[in-house]
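J.: Just so it is clear: in the sequence shown, position 128 is 110 by our numbering, and no numbers are missing.
Glycine included, C-beta positions come from ideal geometry on N, C-alpha and C.
The structure presented is a predicted model; accordingly, all values stated were derived computationally and were not measured.
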Amino acid sequence: MYIMNNKLTELPREIGKLVNLESLYLMDNQLTKLPAEIGNLVNLTYLNIKRNKLKELPAEIGNLVNLESLYLMENALTHIPKEIGSLFNLKYLTLKRNRLTSLPKEICRLGQLKELFMDENPDLLLSDVQKSWISHIEKSGCKVHLADEEVKYTPEITKAAIYAANT
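1. Could you give the residue range of the beta strand (DSSP E) that holds Val111?
2. Sorted by chain position, which residues of the same chain lie with C-beta nearer than 7 angstroms to Val162's C-beta, five sequence neighbours on each side aside?
3. Sort out for me which residues DSSP pairs Phe99 with in a bridge.
4. How is Asn45 classed by DSSP in three states: helix, strand or coil?
5. If I'm right that Asn30 touches Asp10 with Cβ under 8 angstroms, what's the distance once you round it to whole angstroms?
6. Can you give me the Cβ contacts of Glu132 inside the same chain, cut-off strictly under 7 angstroms, excluding the 5 residues immediately before and after it?
7. I need the straight-line Cα distance from Gly67 to Arg79, nearest angstrom please.
8. For Ser51, which option in Tyr7, Leu75, Pro40 has the closest C-alpha, if you only look at C-alpha atoms?
9. Can you give the beta carbon distance from Leu13 to Leu(-10), rounded, assuming they're within the 8 angstroms contact cut?
10. To the nearest angstrom, how far is it from the Cα of Lys134 to the Cα of Lys125?
11. Grouping DSSP H, G and I as helix and E and B as strand, with all else coil, what is Ser68?
12. Taking DSSP's pairing of strands, which residues face Asn30 in a bridge?
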């Protein structure tokens, strides 16, 4: 389902009735939050909410256990709910260009990731456990995108393994 470029400020709760939906494109709207009913879309494998004004995600995002791709870039997110750790099938996660200051420790449960974008979150601080996890998933073939200035804070990650998203 494509709902793009509509200046939509709110997603109706009835979206939760579309339980067989597999892909949802909500790019380039004005969404500031998602209804909890988004968690009913358990067959969703692709969710793109980039370029909105999201400030938070509902905890019910963790119900999307079949989700493989989650694109949240260019929003106003300051944190990610711990329930993201339940998205065991997630392969692509984009958190670029938000206002994140930290990530939940549960993010380390995402063992299937192939690509992770976290750059352009200038106040993002990673715990030692998260740094270790990033190093581990890189060795497993996951491409991790961090800003160059974040390299100095994550010494165990080699600069050669970090890709700036602008390149």
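T.: Walking through what the data contain:
1. That residue, Val111, is in no beta strand (DSSP E); its alpha helix (DSSP H) goes 110 to 121.
2. No answer is possible for residue 162: it lies beyond the span of the chain, which begins at -17 and ends at 149.
3. Thr76, His127
4. helix
5. With a Cβ gap of about 10 angstroms, Asn30 and Asp10 do not count as contacting.
6. Summary for Glu132: the model assigns pLDDT 49, below 50, so the residue's position carries little reliability; its value from the coordinates is reported in the next sentence. Nothing meets the Cβ criterion.
7. 21 angstroms
8. Leu75
9. 6 angstroms
10. The predicted model places Lys134 with a pLDDT of 38, which falls under 50 and marks its position as unreliable; any figure quoted below should be read in that light. If you take the alpha carbons of Lys134 and Lys125, they lie about 18 angstroms apart.
11. helix
12. Tyr7, Tyr53
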